[in-house]
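S.K.: Taken in sequence, the protein lines are chains A and B.
Once you know that position 95 of the first sequence is 95 in the numbering used here, the rest is easy, because the numbers rise by one and skip nothing.
The number in the numbering used here is simply the position in the second sequence, starting from 1, with 119 added.
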Amino acid sequence: MTQPIALLDGPFWPYIALILFAVLPTEIWRWLAVGLARGLDPDSPLLEWVRMVATALLAGIVAKLIVSPPGALAAAPLLVRVAGVATSAAVMALTRRRMMLAVASGEVVLIGGVWLFGT
Amino acid sequence: MSVSADWSWQRVALAGARDALTLPAWIVGFGLIGIGSLARDVGYPVDVAVLSTILVWAGPSQVLFFASIAAGAAWGAIAIAVGFASLRFLPMTMAILPLLRRPGQSVWQQMWLAHYVAVTAWTEGLRRLPGIPPHQRVVYFLGFANACMVVSSIGTFSGYYLLGALPTPFAAGLLCLTPIFFLVSLTAGLRHIADVVAMMLGLALAPLCERFIGGGFDLIVSGLIAGSIAFLIGRRRKAAA
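(1) Taking the alpha carbon of L230/B as the point to measure from, which residue in R330/B, D160/B, L174/B has its own alpha carbon closest?
(2) Taking C-beta pairs closer than 8 Å, name the residues in chain B that V34/A reaches, listed in chain order.
(3) Would you kindly work out how many angstroms separate the C-alpha atoms of G342/B and A132/B, rounded to a whole number?
(4) Note down, in chain order, each residue of its chain lying with its Cβ closer than 6 Å to the Cβ of P105/A, except the 5 sequence neighbours on either side.
(5) Could you check which residue in E107/A, R97/A, A22/A, G118/A has the C-alpha nearest to that of S304/B?
(6) Are P252/B and V122/B close, meaning C-beta to C-beta below 8 Å?
(7) Let me know the secondary structure DSSP gives M120/A once reduced to three states.
(8) Using alpha carbons as the reference points, say which of F185/B, S171/B, T172/B, M213/B lies closest to V34/A.
(9) Starting from W176/B, trace the alpha helix (DSSP H) both ways and give me its first and last residue.
(10) Using only the alpha-carbon positions, how far apart do L94/A and A290/B sit?
(11) Quick one: list the residues of chain A neighbouring T297/B, beta-carbon separation under 8 Å, in chain order.
(12) Quick one: complete alpha helix (DSSP H) runs, 4+ long, within the region 251–286 of chain B?
(13) Quick one: using the 10 Å Cβ neighbour count with 16 as the cut-off for buried, is P288/B buried or exposed?
(14) Is the beta carbon of A63/A closer than 8 Å to that of G113/A?
(15) Note down the Cα distance separating V167/B from A186/B, rounded to an integer number of angstroms.
(16) Measure the Cβ-Cβ separation of A204/B and G60/A and say whether it is below 8 Å.
(17) Can you tell me whether DSSP reads G153/B as helix, strand or coil?
(18) Secondary structure at W126/B, three-state DSSP: helix, strand or coil?
(19) Tell me the residue span of the alpha helix (DSSP H) that contains V109/A.
(20) For G215/B, I'd like the list of residues in its chain whose CB is within less than 7 Å of its CB, leaving aside the five on either flank, ordered along the chain.
(21) Kindly indicate if chain D contains any beta-carbon less than 8 Å away from that of L324/B.
(22) Might you give, ordered along the chain, the residues of its own chain that have their beta carbon closer than 7 Å to the beta carbon of S272/B, omitting 5 neighbours on each side?
(23) Quick one: grab the DSSP three-state call for V236/B.
(24) Let's test the definition: count the other Cβ atoms within 10 Å of the Cβ of A37/A and tell me whether it reaches 16, buried, or not, exposed.
(25) Might you give, ordered along the chain, the residues of its own chain that have their beta carbon closer than 7 Å to the beta carbon of A345/B, omitting 5 neighbours on each side?
(26) For M1/A, tell me which candidate among W128/B, S127/B, R159/B, G150/B has the shortest Cα-Cα distance.
(27) Thinking C-beta only, is P25/A closer than 8 Å to W13/A?
(28) Can you confirm whether D177/B, when its beta carbon is compared against all beta carbons of chain A, has any partner nearer than 8 Å?
(29) Distance cutoff 8 Å, beta carbons only. Does F117/A sit that close to anything in chain B?
What follows is the structure, encoded as structure tokens:
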């Protein structure tokens, strides 16, 4: 496990570490965006492009989590992970976007798949 | 539900919270249960786990933070990894803030609103906010996002004490909620063919870039390429129509 920095060690270390190494590197982008978005027209082509990049980034995170899964998700074989996500997407497409049903059916496929084929 | 222009702010905030509690808040909440158990594994107190949900408010960043500590990574490397994983908030926040902007709004309020930007508030916000009268959007958004945050804090707290006891298939199911919910939220927000292209290319390019670029830059490169191609296709179609 990563050790605390000696100078700052103590009962407050976990809180300091959280602020320095998790909150700041995440929050900085949201704050930067506040500065950059000032005066931008909601319908401008620049924002259209920014929205497309954000959509692609989110989709990219989905793909990365499925291809290189964290923790217990690695117990599911790749095919089961892909089947779970694909089921949700298919239900969204076929049921005119019923989110609850889509999430539930993907989860059923995944949990059932791990139960049957998991390691 | 739809919001009427003459409603009081309390009623608008409640409508936002209620829309969150119909489904999105529960999914984020369940998705962040895993964070509690990760924090416990590295010996951090339960309030650090819950604070991470409230202050970081980004599942992938929190997973990276606690999992990297467990793996013994250097602090500098952890900060850089979290930073790269959170880069998406720059375009996401830039895209949603103009919908929430009001004349005379302070920078502090915008920073406060920006803090809530994460996948749920973003996809749902882009979809729902345009249909809400502009002067009620901030209150609606805060009602929606805070309901998500409260449920998620409870989820993280319970995960700290409960998750270790869960059988593998269910633990895997909880962790898979994040990608499934990301994808379902994205699909729910698709409006034009260009959105579909951005999503499909993003899905396809990210693993390819991970393979050939790596080093933390892979996601942002694939996002820029996929997003730009989608944007050009969207422009083309608009010009043709």
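Quick reminder that beta carbons are idealized off the backbone N, C-alpha and C, glycines included.
M.R.: Inspection of the coordinates gives the following:
(1) Looking up residue 230/B in the second sequence gives position 111. For the sequence presented, residue 230/B should be read as Met rather than Leu. The option with the nearest alpha carbon to M230/B is L174/B.
(2) Along the first sequence, read from residue 1 onward, the residue named residue 34/A stands at position 34. Residues of chain B passing the Cβ test: T212, L216, V226, Q229, M230, A233.
(3) Taking the second sequence and counting its residues from 1, one reaches residue 342/B at position 223. Taking the second sequence and counting its residues from 1, one reaches residue 132/B at position 13. Going from the Cα of G342/B to the Cα of A132/B covers about 34 Å.
(4) Counting from one through the first sequence, the residue named residue 105/A turns up at place 105. For clarity, residue 105/A is Ser in the given sequence; the question names Pro instead. Answer for S105/A: T87, V91, listed in chain order.
(5) To locate residue 304/B, count along the second sequence from 1; it is residue 185. Per the Cα distances, R97/A.
(6) As a first step, residue 252/B is located in the second sequence; it is residue number 133 there, counting from the start. As a first step, residue 122/B is located in the second sequence; it is residue number 3 there, counting from the start. For P252/B and V122/B, yes; Cβs fall inside 8 Å.
(7) This structure does not reach residue 120/A, given that chain A is present from 1 up to 119, and the question cannot be answered.
(8) For the purposes of this step, residue 34/A is taken as the residue at position 34 of the first sequence. Comparing Cα-Cα distances from V34/A to each of F185/B, S171/B, T172/B, M213/B, the minimum goes to M213/B.
(9) By 1-based counting over the second sequence, the position of residue 176/B is 57. Neither: W176/B is in no alpha helix (DSSP H) and is coded neither H nor E.
(10) Within the first sequence, numbered from 1, the residue matching residue 94/A stands at position 94. Within the second sequence, numbered from 1, the residue matching residue 290/B stands at position 171. Cα to Cα, L94/A sits roughly 28 Å from A290/B.
(11) Looking up residue 297/B in the second sequence gives position 178. T297/B reaches chain A at L65, counting residues in chain order whose Cβ is nearer than 8 Å.
(12) 256–281
(13) Indexing the second sequence from 1 puts residue 288/B at position 169. By the neighbour-count rule (16 or more Cβ atoms within 10 Å), P288/B is buried.
(14) As a working note, residue 113/A is residue 113 in the first sequence. As a working note, residue 63/A is residue 63 in the first sequence. Contact flag unset, no.
(15) As a working note, residue 167/B is residue 48 in the second sequence. As a working note, residue 186/B is residue 67 in the second sequence. The straight-line gap from Cα to Cα measures roughly 14 Å.
(16) By 1-based counting over the second sequence, the position of residue 204/B is 85. By 1-based counting over the first sequence, the position of residue 60/A is 60. Taking a C-beta distance under 8 Å as the contact criterion, A204/B and G60/A do not qualify as a contact pair.
(17) Position 34 of the second sequence, counting from 1, holds the residue named residue 153/B. Looking at G153/B - three-state DSSP - the assignment turns out to be helix.
(18) As a first step, residue 126/B is located in the second sequence; it is residue number 7 there, counting from the start. DSSP places W126/B in coil when its eight states are reduced to three.
(19) Taking the first sequence and counting its residues from 1, the one referred to as residue 109/A is at position 109. Taken as a continuous stretch (DSSP letters only), the alpha helix (DSSP H) holding V109/A covers 99–117.
(20) Here residue 215/B corresponds to residue number 96 of the second sequence, with the count starting at 1. Per the sequence shown, the amino acid found at residue 215/B is Ile instead of Gly. So the list reads V236, W241, G244, L245, once near-sequence residues are dropped.
(21) No chain D appears in the structure shown, which is made up of the protein chains A and B.
(22) Counting from 1 along the second sequence, the entry for residue 272/B is found at position 153. Within the same chain, S272/B has close Cβ partners V169, T172, I173.
(23) The residue you call residue 236/B lines up with position 117 of the second sequence. In this structure, V236/B counts as coil in the three-state DSSP scheme.
(24) Position 37 of the first sequence, counted from the first residue, corresponds to residue 37/A. Looking at its Cβ environment, which holds 16 or more other Cβ atoms inside 10 Å, A37/A is buried.
(25) Taking the second sequence and counting its residues from 1, the one referred to as residue 345/B is at position 226. So the list reads A317, L320, G321, L324, once near-sequence residues are dropped.
(26) Here residue 1/A is taken as the residue at index 1 of the first sequence, counted from 1. Nearest to M1/A by alpha-carbon distance, out of W128/B, S127/B, R159/B, G150/B, is R159/B.
(27) Translated into positions along the first sequence, residue 13/A becomes position 13. Translated into positions along the first sequence, residue 25/A becomes position 25. Their beta carbons are not under 8 Å apart, which means W13/A does not touch P25/A by this criterion.
(28) In the second sequence, residue 177/B corresponds to position 58, counting from 1. In the sequence as presented, Asp is not what sits at residue 177/B; that position holds Ala. It does; some Cβ of chain A falls within 8 Å.
(29) Here residue 117/A refers to the residue found at position 117 of the first sequence. False, the Cβ-Cβ gap to chain B never drops below 8 Å.
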